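Engineer: I have a structure here, written as structure tokens, and I will follow up with some questions on it.
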Amino acid sequence: MIRVVLPFHLRNLARVGDEVEIEVSGPPTLQAVLDALEAEYPVLRGTIRGHNGGRRRPFLRFFACEQDLSHEPTDTPLPEPVVRGVEPFLIVGATAGG
Amino acid sequence: MSGVRLLVGTRKGGFVLSSDGKRKKWKVSGPHFAGWEIYHLKGSPADPDRIYGSQSSGWFGQVTQRSNDGGETWEAVGNEFPYDGVPGTHQWYDGTAHPWEFKRVWHLEPSLDDPDTVYAGIEDAALFRSKDGGRSWQEVSGLRKHGSGPHWSPGAGGMCLHTIIQDAANPKRMFVAISAAGAFRTDDGGATWQPINRGLRSQHIPDPAAEVGHCVHRIAQHRARPNTLFMQKHWDVMRSDDGGDNWREVSGNLPTDFGFPIDVHAHEPETIYVVPIKSDSEHFPPEGKLRVYRSRSGGDEWEPLTRGLPQTDCYVNVLRDAMTVDTLDPCGIYFGTTGGQVYGSADGGDSWTAIVHDLPAVLSVEVQTLA
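In order, the protein sequence lines correspond to chains F and B. Sequential numbering from 0 applies to the first sequence in numbering that gives the first Met the number 0. Sequential numbering from 0 applies to the second sequence in numbering that gives the first Met the number 0.
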């Protein structure tokens, strides 16, 4: 199981709590976890990246194990602690304010 | 017992305001979708329990919502709006070619007779239709492909298709309006479209009388007079009596003819309402006085309606989708402001009260008249 932390508004949209656990079949890459997340919660399609596996939305970032994965190729394997469920995969919205 | 339900879209969520036919006491429900921009909420004329909503965010993009119980509960439906074919380009602000890109849904217009059919006006300007209650969307691409599309350019708010009028007397006829392209009409159910902008003059474009390029802010029609259209343009209030083939200015004695919304009284097809705004550079009422102007003669002669509206230090705006009329008798008029007030009149505009004072900036107001 891979633990995924969503931004506040996407938690509300998907009607989930602080974290969701996602089963990923095949190699646990960035794309695989997003595909699995969208399969489990179809309401998230188009809100994190474009439809049909499109580009990451510009105001969102991906982090795990204190690494910024936002600009990594989508077939990049997730860090081993994320795959083991020790660390979460973080989807983070840009901070707004001022 | 009759009643009304106001569907209010704001910068930070949606609200449902309900009252009985007297329209004195109101129940406020919301915010729904708190924190999201709710561009538009509109109920089906065929089934008032069916409501569609456009939920939008700079972070998360478009979500389309649907309620089957009058706004008590909601479910997200389809949010994919694929342009038909290779979309090509339109003009950008600087005149360069810019790819057509979906940004958001500005306006949802449910079918007059089928709760599962609904139209969406989107940015970058195109018309979409769903026949399955919003689950999937297909472009009515004859509009964007009719020929002038590559020459359309955005207004300051974006290149949005914001007005969709279905002709109750002729199901094959529909009108749409786009900022800043102009007005268009189909007479064959959406297969083909023609610009209907003859008579419009816009001084800010190279050819003031061009076939397309006019910043139309809103069009209104009375169902009993389907060939008569009223338009609030960027500047100028206009009127057509031949289904948009020709327009003439009816700004008359308005203090300024800039504004966004325009609407028609439910029972008097020649009674229309606008909210004059000082200018395109100063989006607030002239002299700090919030005044709705009413014409009982279909334009030209206008009277200010001020009772109950702030007449000092008021600097709000009223956006294009933020005015609506109910079908009770007397007719109710409602509008929302960028200051978060929703004002209502239960006497055709003679007097007004603030139904709510302190919502987030109001983007849209629609009313459902309930049996």
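Just so you know, even glycine gets a beta-carbon here, dropped at the ideal spot from N, CA and C. Being a predicted model, the structure only gives us computed values, none of them experimental.
I'd like to know whether the C-beta atoms of H161/B and W105/B end up nearer to each other than 9 Å.
Structural biologist: As a working mapping, residue 161/B is identified with position 162 in the second sequence. As a working mapping, residue 105/B is identified with position 106 in the second sequence. Going by C-beta atoms, H161/B is nearer than 9 Å to W105/B.
Engineer: Determine which residues share a DSSP beta bridge with V82/F and list them.
Structural biologist: Against the first sequence, residue 82/F aligns to sequence position 83. Paired residues: none, contrary to the question.
Engineer: Determine the chain F residues that contact W35/B at a beta-carbon separation under 7 Å, and present them in chain order.
Structural biologist: Counted from its first residue, the second sequence places residue 35/B at position 36. Within chain F, the residues near W35/B are H8.
Engineer: Chain F partners of N252/B, CB-CB under 8 Å?
Structural biologist: Here residue 252/B refers to the residue found at position 253 when the second sequence is read from its first residue. In chain order: nothing, as chain F lies at least about 43 Å away.
Engineer: The stretch 311-330 of chain B: which residues have C-beta closer than 7 Å to a C-beta of chain F, in chain order?
Structural biologist: Correct list: empty, as no residue qualifies.
Engineer: Along chain B, which residues have their Cβ under 9 Å away from the Cβ of G16/F?
Structural biologist: Locating residue 16/F in the first sequence gives position 17, where the first residue counts as 1. The premise fails here: G16/F is roughly 17 Å from chain B at the closest Cβ pair, so nothing lies under 9 Å.
Engineer: Determine the DSSP secondary structure at A353/B, reduced to helix, strand or coil.
Structural biologist: Sequence index remark: in the second sequence, residue 353/B carries index 354 (1-based). Three-state DSSP puts A353/B in a strand.
Engineer: In the stretch 37-121 of chain B, which residue ranges form an unbroken alpha helix (DSSP H) of at least 4 residues, counting only runs that do not cross its ends?
Structural biologist: none
Engineer: Hey, is L59/F's beta-carbon within less than 9 Å of any beta-carbon in chain B?
Structural biologist: Counting from one through the first sequence, the residue named residue 59/F turns up at place 60. Taking Cβ atoms only, chain B reaches closer than 9 Å to L59/F, which makes this a yes.
Engineer: Measure from the C-beta of H70/F to each C-beta in chain B and report whether the shortest distance is under 9 Å.
Structural biologist: Here residue 70/F is taken as the residue at index 71 of the first sequence, counted from 1. Not one chain B Cβ lies under 9 Å of H70/F.
Engineer: Over the uninterrupted beta strand (DSSP E) stretch that includes V27/B, give me the two end residues.
Structural biologist: To locate residue 27/B, count along the second sequence from 1; it is residue 28. Counting along the chain, the beta strand (DSSP E) containing V27/B begins and ends at 26-31.
Engineer: Per DSSP, what are the beta-bridge partners of Q137/B in this structure?
Structural biologist: Residue numbering aside, residue 137/B sits at position 138 when the second sequence is read from its first letter. Per DSSP, R128/B.
Engineer: Considering only the beta carbon of each residue, do V15/F and L5/F sit closer than 9 Å?
Structural biologist: As a first step, residue 15/F must be located in the first sequence, where it is residue number 16. As a first step, residue 5/F must be located in the first sequence, where it is residue number 6. Yes; because the gap between Cβ atoms is below 9 Å, this pair is in contact.
Engineer: Would DSSP call P359/B helix, strand or coil?
Structural biologist: Taking the second sequence and counting its residues from 1, one reaches residue 359/B at position 360. It is coil, neither helix nor strand.
Engineer: Scan the stretch 266-298 of chain B and note each continuous beta strand (DSSP E) run of 3 residues or more that stays entirely inside, going in chain order.
Structural biologist: 271-273, 291-294
Engineer: Exposed or buried, A75/B, counting other C-beta atoms within 10 Å across all chains shown (16 or more means buried)?
Structural biologist: In the second sequence, residue 75/B corresponds to position 76, counting from 1. Burial of A75/B is indicated by the presence of at least 16 other C-beta atoms within 10 angstroms of its C-beta.
Engineer: Using a Cβ-Cβ distance cut-off of 9 Å, determine whether V19/F contacts chain B.
Structural biologist: Residue numbering aside, residue 19/F sits at position 20 when the first sequence is read from its first letter. Judged by the 9 Å Cβ criterion, V19/F is not in contact with chain B.
Engineer: To be precise: take each residue of the stretch 63-85 of chain B, compare its Cβ to all Cβ atoms of chain F, and keep it if any distance is under 7 Å. Which residues remain?
Structural biologist: Against chain F - using a Cβ distance shorter than 7 Å - the residues of the stretch 63-85 of chain B are A75, N78, E79.
Engineer: Just list the residues that DSSP pairs L5/F with in beta bridges.
Structural biologist: Locating residue 5/F in the first sequence gives position 6, where the first residue counts as 1. L5/F is not bridged to any residue.
Engineer: List the endpoints of the continuous beta strand (DSSP E) containing Q231/B.
Structural biologist: Taking the second sequence and counting its residues from 1, one reaches residue 231/B at position 232. From DSSP, the beta strand (DSSP E) with Q231/B extends over 228-232.
Engineer: So, for L304/B: in the same chain, excluding its five sequence neighbours on each side, which residues have a beta-carbon less than 6 Å away from its beta-carbon?
Structural biologist: Here residue 304/B corresponds to residue number 305 of the second sequence, with the count starting at 1. The beta carbon of L304/B is closer than 6 Å to those of V291, R293, G348 in its chain, skipping five residues each way along the sequence.
Engineer: Pull the bridge partners of I47/F from the DSSP assignment, please.
Structural biologist: For the purposes of this step, residue 47/F is taken as residue 48 along the first sequence, with counting starting at 1. Partner(s): none; I47/F has no beta bridge.
Engineer: Determine the DSSP secondary structure at Q367/B, reduced to helix, strand or coil.
Structural biologist: Translated into positions along the second sequence, residue 367/B becomes position 368. Strand.
Engineer: Note down, in chain order, every chain B residue with its Cβ under 9 Å from the Cβ of L98/F.
Structural biologist: The structure shown does not extend to residue 98/F, since chain F is modelled only from 0 through 97, so no value can be given for it.
Engineer: Let me know the secondary structure DSSP gives R100/F once reduced to three states.
Structural biologist: Because chain F spans 0 through 97 in this model, residue 100/F falls outside it and cannot be assessed.
Engineer: Quick one, which of V3/B, G12/B, S1/B, G2/B has its alpha-carbon nearest L362/B's?
Structural biologist: Within the second sequence, residue 362/B is the residue found at index 363, counting from 1. Minimum Cα distance to L362/B is reached at G12/B.
Engineer: Rank K102/B, Q367/B, L5/B, P275/B by C-alpha distance to the C-alpha of H216/B and give the top, closest one.
Structural biologist: Mapped onto the second sequence, residue 216/B falls at position 217. Of the candidates K102/B, Q367/B, L5/B, P275/B, the one whose C-alpha sits nearest the C-alpha of H216/B is P275/B.
Engineer: Let me check one thing: in DSSP terms, what residues is L160/B bridge-paired to?
Structural biologist: Here residue 160/B is taken as the residue at index 161 of the second sequence, counted from 1. Paired residues: I177/B.
Engineer: Name the chain B residues that come within less than 8 Å of V42/F, Cβ to Cβ?
Structural biologist: In the first sequence, counting from the first residue as 1, residue 42/F sits at position 43. Going along chain B in sequence order, the residues near V42/F (Cβ under 8 Å) are V62, A75.
Engineer: Between which two residues does the beta strand (DSSP E) containing L16/B stretch?
Structural biologist: Here residue 16/B corresponds to residue number 17 of the second sequence, with the count starting at 1. DSSP places L16/B inside the beta strand (DSSP E), whose first and last residues are 12-19.
Engineer: In this structure, how does DSSP classify E39/F when only helix, strand and coil are distinguished?
Structural biologist: Position 40 of the first sequence, counting from 1, holds the residue named residue 39/F. Note: E39/F maps to helix in three-state DSSP.
Engineer: Kindly indicate which three-state DSSP category R224/B falls into: helix, strand or coil?
Structural biologist: For the purposes of this step, residue 224/B is identified with residue 225 of the second sequence, where counting begins at 1. Taken through DSSP and simplified to helix, strand or coil, R224/B comes out as coil.
Engineer: Does any residue of chain B have a CB that is nearer than 9 Å to the CB of G92/F?
Structural biologist: As a working note, residue 92/F is residue 93 in the first sequence. The beta-carbon of G92/F is placed less than 9 Å from the nearest beta-carbon of chain B.
Engineer: Measuring only the C-alpha atoms, how far is D93/B from E22/F?
Structural biologist: Start at 1 with the first residue of the second sequence, and residue 93/B comes out as number 94. Start at 1 with the first residue of the first sequence, and residue 22/F comes out as number 23. A direct Cα-to-Cα measurement between D93/B and E22/F gives close to 48 Å.
Engineer: Looking at the structure shown, is R4/B part of a helix, part of a strand, or coil, going by DSSP?
Structural biologist: On the second sequence, position 5 is the one that residue 4/B refers to. The answer is strand: DSSP assigns R4/B an E or B state.
Engineer: For P109/B and G120/B, what's the separation of their Cα atoms in angstroms?
Structural biologist: To locate residue 109/B, count along the second sequence from 1; it is residue 110. To locate residue 120/B, count along the second sequence from 1; it is residue 121. Taking the straight line from one Cα to the other gives about 11 Å.
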